[in-house]
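Q:
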Amino acid sequence: MFSWCCALLLATGFMFIVGFLVVKGYRGINLELIFADTRLLDAFFLKRQVFGGLFPAIIGTLSLILLSIGFALPLGLASGIFLAEYASPRLKSFFSLMVDILAGIPSIVVGLFGFSITIFLHHFFSSQIFPCLLISALSLAFLILPYIIKTTQVAIESLPLQVRLTAPSLGATKLENIIFVLLPSALSDIVSGIVLAIGRCAEDTAVIMLTGVVATAGVPRSVFSNFEALPFYIYYIASEYSNSSELMKGYGAALILLLISAGLFALAHWIKLKIEQKTRFGY
Amino acid sequence: MENNIKIQIRNLWFYYKTISMLEGINVDFPENTITSITGPSGQGKSSFLMTMNRLWQCIDGASVKGEVKINFGNGFEDINHQKYPLPMLRRKVGMVFQTPNPLPMSIFKNIAFPFKLIGEKNQNKTFEKVEYALKKAFLWQEVKNRLTEDAGVLSGGQQQRLCIARALVLEPQVLLLDEPTSSLDEISAEMIEQLLLKLKKKCTIILVSHYMDQVKRIADTKFILSNRQLTLQEE
Chain A
0 MFSWCCALLL ATGFMFIVGF LVVKGYRGIN LELIFADTRL LDAFFLKRQV
50 FGGLFPAIIG TLSLILLSIG FALPLGLASG IFLAEYASPR LKSFFSLMVD
100 ILAGIPSIVV GLFGFSITIF LHHFFSSQIF PCLLISALSL AFLILPYIIK
150 TTQVAIESLP LQVRLTAPSL GATKLENIIF VLLPSALSDI VSGIVLAIGR
200 CAEDTAVIML TGVVATAGVP RSVFSNFEAL PFYIYYIASE YSNSSELMKG
250 YGAALILLLI SAGLFALAHW IKLKIEQKTR FGY
Chain B
0 MENNIKIQIR NLWFYYKTIS MLEGINVDFP ENTITSITGP SGQGKSSFLM
50 TMNRLWQCID GASVKGEVKI NFGNGFEDIN HQKYPLPMLR RKVGMVFQTP
100 NPLPMSIFKN IAFPFKLIGE KNQNKTFEKV EYALKKAFLW QEVKNRLTED
150 AGVLSGGQQQ RLCIARALVL EPQVLLLDEP TSSLDEISAE MIEQLLLKLK
200 KKCTIILVSH YMDQVKRIAD TKFILSNRQL TLQEE
């Protein structure tokens, strides 16, 4: 009964938040909100900068998520596999503690760390180094790394002993067992961790505020440019809005951020299905 | 007599962390016979099987002391020697577990998996071997039109026969079976028994079973594992 109530509460909370955003924001969503007075093709082919629209922030957010996941995913998967399969018990408990501590670090501290690294690099390596998309993506990757490491490690470790023994009993080496059996068997749980990481990248504002996001940077031309991002835009509007139409834009941006996250979750699950189809079926 | 012995075990100890599960086992398993091992649960029967393909090395905290020698045709080889190639050993000593454990892949890929591991590129040969193994395990008729489906959709009995087919595909010289019929219905279990009787012409079979009737029907030599010791069961 208690479990039912909790599930109901969770579903109600989710419906309430999404419903609230849809009711408040759907009227604000239109092409003008995204492209302002710039023509679609001009915006897409970067012939003209979009001023006053969300297009640069959408591109900035997408670039940020993809770059952060791109940095964190290989490192996180490899670390998770190492902790689950190769590390000695002492090493495992030490690194697990480190990962747990890393997961508990507030994002503002990670942002400050990224900012400090930028200043250090600016002073000692090149005066051309400033807060930018790359620094933000690296800092965010640092923030989401524990999610990916932990879910990979737990997903592999929780596989039943018989599943773990099957491939070695047929002559597979440890690496072959990991690649052909353990990772495909743990894929669903690993994808859950990646989805969680995508959500964290999409919503985090504290890290990017200190490492490269600005209010009007336009579409980022390279990873060394400043950029705009939806969570920062929402934060900015929420704290600085002067009239109801600006607030409406903020709700619209929040709804778009939600849609982008949902789209990326769907993409992650689609990739998982494709991998499963490739391994689970056919000759 | 020495020529007929396939596996020779001397002073074998098996530890799980600090607890000894087997203490100083000495036993010979004759070639081309079915040897059964019965005994109460939790006495280390599965662990004992794993000493013959060194699968115990995949279990955290497990360790083994003593000699396990197998004659693969070139005289006895000590499989516990540190440099003994494990993948090769496990291809010659097949194993089927108590619970069916199909890999997360199609029926065909499950059976062809050992071929993938040895780097077999000839698709026709792989197809022939897969068909041969499935026929041997009495599964071909049921799955010949479903080879590309996920093996997880098969029934428990079919999955177990699939696992037996997978263990047979590389034609191992020794087959270790850990209660292979415990999850099967009577008809499937009888099929497996018939299969084992046929297989023993080419293969040395060590069978862990709780079914005394089954042991009486098919085993040539019977042992009981109890109190960390293996003792020959008199008729």
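Taken in order, these protein sequences are the chains called A and B. Each residue of the first sequence is one higher than the one before, starting from 0 at the first, in numbering that gives the first Met the number 0. Each residue of the second sequence is one higher than the one before, starting from 0 at the first, in numbering that gives the first Met the number 0. Positions of the beta carbon are idealized from the N, C-alpha and C atoms, including for glycine. Since the model is a prediction, treat every value here as computed from it, not as a measurement.
Straight-line CA distance for L144 of chain A to A102 of chain A?
A: 8 Å
Q: If contacts are defined as beta-carbon pairs under 8 Å, then F107 of chain B and L146 of chain B qualify, I think. What distance do you get, rounded to the angstrom?
A: 4 Å
Q: Kindly indicate which residue of A:E245, A:I16 and A:S184 has the alpha-carbon position closest to the one of Q152 of chain A.
A: A:S184
Q: Spatial neighbours of E227 of chain A within its chain, please: C-beta separation below 6 Å, excluding the five flanking residues on both sides.
A: P55, A56, G59 and A216
Q: Taking C-beta pairs closer than 8 Å, name the residues in chain A that M190 of chain B reaches, listed in chain order.
A: Here the premise fails: no neighbours, minimum Cβ distance about 22 Å.
Q: Quick one: grab the DSSP three-state call for R90 of chain B.
A: helix
Q: Could you check if K16 of chain B is buried or exposed, using at least 16 other CB atoms within 10 Å of its CB as the buried criterion?
A: exposed
Q: Just curious, the beta strand (DSSP E) that E175 of chain A is in, first and last residue?
A: Counting along the chain, E175 of chain A sits inside no beta strand (DSSP E); it lies in the alpha helix (DSSP H) bounded by residues K173 to N176.
Q: Do M94 of chain B and L54 of chain B have their C-beta atoms within less than 8 Å of each other?
A: It is a contact, given that the beta carbons lie within the stated cut-off.
Q: Give the residues from the stretch 140 to 169 of chain A that approach chain B closer than 8 Å (Cβ to any Cβ), ordered along the chain.
A: L160, Q161, V162, R163, L164, T165, A166, P167, S168 and L169
Q: Just how far apart, CA to CA, sit F112 of chain A and G192 of chain A?
A: 24 Å
Q: Compare the C-alpha of F81 of chain A against each of A:G211, A:N225, A:T210 and A:L182 and name the closest.
A: A:L182
Q: From this set, B:G72, B:G41, B:N31 and B:V92, which residue's C-alpha is nearest T50 of chain B's C-alpha?
A: B:V92
Q: Taking the CB atoms as reference points, tell me whether P103 of chain B and R279 of chain A lie closer together than 8 Å.
A: yes
Q: Nearest to K238 of chain B by alpha carbon, out of B:D149, B:F112 and B:I33?
A: As displayed, chain B neither begins before 0 nor continues past 234, which places residue 238 of chain B out of reach and without an answer.
Q: Just to make sure I have the definition right: I need the residues of chain A whose C-beta is within less than 9 Å of the C-beta of L54 of chain B. Which are they?
A: Within 9 Å Cβ-Cβ: L164, P167 and S168.
Q: Does Y282 of chain A come within less than 8 Å of chain B when only Cβ atoms are used?
A: Yes, contact with chain B.
Q: Output needed for Y319 of chain A: all residues of its chain with C-beta closer than 6 Å, excluding positions within five of it in sequence on either side, in chain order.
A: The structure shown does not extend to residue 319 of chain A, since chain A spans only 0 to 282, so no value can be given for it.
Q: If we call anything under 8 Å between Cβ atoms a contact, is P301 of chain B one with G170 of chain A?
A: Since the first and last residues shown for chain B are 0 and 234, residue 301 of chain B lies out of range.
Q: What are the boundary residues of the alpha helix (DSSP H) that includes L258 of chain A?
A: S243 to R279
Q: Please report the straight-line C-alpha distance between R216 of chain B and I186 of chain B, rounded to a whole angstrom.
A: In this model, R216 of chain B and I186 of chain B are separated by some 15 Å (Cα to Cα).
Q: Under a Cβ-count criterion, where at least 16 other Cβ atoms within 10 Å of its own Cβ denotes burial, should W269 of chain A be classed as buried or exposed?
A: Looking at its Cβ environment, which holds fewer than 16 other Cβ atoms inside 10 Å, W269 of chain A is exposed.
Q: Using a Cβ cut-off of 7 Å, pull out every chain A residue sitting near E141 of chain B, in sequence order please.
A: At a beta-carbon threshold of 7 Å, none of the residues of chain A lie near E141 of chain B; the nearest stands roughly 18 Å away.
Q: Look at F141 of chain A and V109 of chain A and say whether their C-beta atoms are less than 8 Å apart.
A: yes
Q: For I134 of chain A, which option in A:Y250, A:I207 and A:W3 has the closest C-alpha, if you only look at C-alpha atoms?
A: A:I207
Q: Going by the beta-carbon positions, is the gap between V236 of chain B and I8 of chain B smaller than 8 Å?
A: Only positions 0 to 234 of chain B appear in this structure, which leaves residue 236 of chain B out of reach.
Q: Is the shortest distance between the beta-carbon of S105 of chain B and the beta-carbons of chain A less than 8 Å?
A: yes
Q: Enumerate in chain order the residues of its own chain whose CB-to-CB distance from L120 of chain A is below 6 Å, with the five nearest sequence positions on each side excluded.
A: I128
Q: For G286 of chain A, which three-state DSSP category applies?
A: Because chain A here runs from 0 to 282, residue 286 of chain A falls outside it and cannot be looked at.
Q: Under a Cβ-count criterion, where at least 16 other Cβ atoms within 10 Å of its own Cβ denotes burial, should N242 of chain A be classed as buried or exposed?
A: So N242 of chain A ends up on the exposed side.
Q: Counting contacts by CB-CB distance shorter than 8 Å, is V190 of chain A in contact with chain B?
A: no
Q: Determine the contact status of Q161 of chain A and F222 of chain B, defining contact as a CB-CB distance below 8 Å.
A: No. Outside cutoff.
Q: Which residue from A:L45, A:N176 and A:G249 puts its Cα closest to that of E84 of chain A?
A: Ranked by Cα distance from E84 of chain A, the options A:L45, A:N176 and A:G249 are led by A:N176.
Q: Use the C-beta contact count for C131 of chain A: other C-beta atoms within 10 angstroms, 16 or more gives buried, fewer gives exposed.
A: When all chains shown are included, C131 of chain A counts as buried.
Q: Quick one: what's got a C-beta closer than 6 Å to N79 of chain B's C-beta in the same chain, skipping five residues either side?
A: These residues qualify, in order along the chain: V67.
Q: In the DSSP output, which residue or residues are listed as bridge partners for E30 of chain B?
A: The partner list for E30 of chain B (beta bridge, DSSP) is empty, contrary to what the question assumes.
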